[in-house]
Each structure stands twice: as C-alpha cells, then as structure tokens.
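J.:
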Amino acid sequence: MLNIVLFEPEIPPNTGNIIRLCANTGFSLHIIEPMGFTWDDKRLRRAGLDYHEFTAVQRHADYAAFVASAQPQRLFALTTKGTPAHSAVSYQDGDS
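So the sequence shown is residues 1 to 96, counted in full-length UniProt numbering.
1. Would you call the segment 29–44 and the segment 1–11 in contact, with 3 or more CB pairs under 8 Å?
2. Measuring alpha carbon to alpha carbon, tell me which of Arg74, Tyr91, Phe27, Pro12 ends up nearest Gln58.
3. Excluding sequence positions up to five away, which residues of its chain have a Cβ less than 7 Å from the Cβ of Asn24?
4. Return the CA-CA distance between Lys81 and Ser87, expressed in angstroms with no decimal places.
5. Under DSSP, the beta strand (DSSP E) around Val67 begins and ends at which residues?
6. Starting from the Cα of Pro12, find the closest Cα among Gln92, Ile31, Phe76, Asn3 and give me that residue.
7. Are there any heavy atoms of the ligand GDP lying less than 6 Å away from the beta-carbon of Asn14, as far as the coordinates show?
8. Decide if Leu29 is buried, meaning its Cβ has at least 16 other Cβ atoms within 10 Å, or exposed.
9. If you reduce the DSSP assignment to three classes, tell me which class Phe54 lands in.
10. Buried or exposed: Thr55, going by 16 or more other Cβ atoms within 10 Å of its Cβ?
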C-alpha cells in the first residue's frame, strides 16, 4: 500500500478530496502539521471528512515526527513542474 503525505496543507477542500481518494484506494494518509485550517473546518468536512472512518489518517506535529513514526524507505516529492512525470515511476509497497 502507498502512503500519501501532505506537508502543511492549507486548503481544506483539497485535503478533504485526498481523504476521499485514500478511502477509495486503500492508501494511508499522513498529514504533517501545522495545517492552515482546523480539523473540524466545515469545508474539510464537506469535501471528504465523512470518509475519515474509512481512511487511515495519521497527523504528525512536524516532518521529523513523520519520519520517526512512518520510517519511510522511499519518499517522492511531487510538483506540477517536476520531472519525471509521476506516472513514470515504478512505485513499491510502502512508498511515501
């Protein structure tokens, strides 16, 4: 299973949509705080928090806490401007 890691997310609807994505794919979600909104933000709830019970969501105080807890073997940082394309990578179980 893959892990999706959000570093200091700022947009509640995007985070909610990723929660829903993880619920539908079985991926685990790690959120590295601080977040730019509260966990009970109505925009987050509207976008996907109702899927929270179907998703393994772990919140971490900072990046160091994430690494200590998850102990990822491989990390990928994705951006719209990066290369290679995200689809060109051979992902492995446990990748983050």
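Note that CB positions come from ideal geometry on N, CA and C, so glycine has one too.
T.: With the given structure in hand:
1. yes
2. Phe27
3. none
4. 14 Å
5. That residue, Val67, is in no beta strand (DSSP E); its alpha helix (DSSP H) goes 63–70.
6. Ile31
7. The ligand GDP is not among the ligands present in this structure, which contains no ligands whatsoever.
8. buried
9. helix
10. buried
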